[in-house]
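Some notes on the structure that comes next.
In our numbering, the protein residues as written are 8 to 222.
Structural data, given as structure tokens:
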């Protein structure tokens, strides 16, 4: 069982790295030299960066494929939580905040491992090919924002969605429009903060109502 799991993980890594390599090299049709722009245009955004460029459906499918292969375990867990595991997690949590933290921990623990493997490959490949450590730092910042955006959106999808098919659809939409969330991360963080404020207010109202009923 362990051997099959190891072989599965190795195969998944090789496939995801192969797709990543192809996107960064053979599909770099416009010979982008700026490394941050290269990662953005080839791995994150499926949309053309300039007006004269056209949307490539092959590139769109490859970016979707890259994310689904790279973060397959995360997406699988998100789908399982949305269908079967929410009630079980709730039953082991004392309050709403504990429930939210539990969902976040489950997702992040899997996602951070899968994301690190991809980030290490991207940084290693770029540093070897272009031999520019200074510019790679910019890519590292981009990868951090990418991780932050995905972590927040994946939590929100898992928290609100209760259907596995809808979860996969929302994940696909997030991948396609990921660049929008990265470019507007301030608004995403504001929405996340407002969500927590809303939950806190709702929890406070519930506590007050319980006290009122008790009295």
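For glycine and all other residues, C-beta sits at the position ideal for the given N, C-alpha and C.
- Residue 181 and residue 162 have their C-alpha atoms roughly 12 Å apart.
- When the alpha-carbon of residue 47 is set against those of 204, 209 and 186, the nearest one is in 186.
- Per DSSP, reduced to three states, the secondary structure at residue 32 is coil, with no helix or strand assignment.
- With a contact defined as Cβ atoms closer than 8 Å, residue 43 and residue 149 qualify at about 6 Å.
- Closest in alpha carbon position to residue 75, among 26, 104 and 54, is 26.
- Sorting 175, 206 and 30 by C-alpha distance to the C-alpha of residue 67 places 30 at the top.
- Distance from the CA of residue 53 to the CA of residue 183, rounded to the nearest whole angstrom, comes to 7 Å.
- The Cβ atoms of residue 123 and residue 146 lie no closer than 8 Å to each other.
- DSSP places residue 39 in the coil class of the three-state scheme, outside both helix and strand.
- Counting C-beta atoms within 10 angstroms of its own C-beta, residue 170 has fewer than 16 neighbours from the protein chains shown and is therefore classed as exposed.
- The Cβ atoms of residue 143 and residue 127 lie no closer than 8 Å to each other.
- Take the alpha-carbon of residue 152 and the one of residue 199: they are about 15 Å apart.
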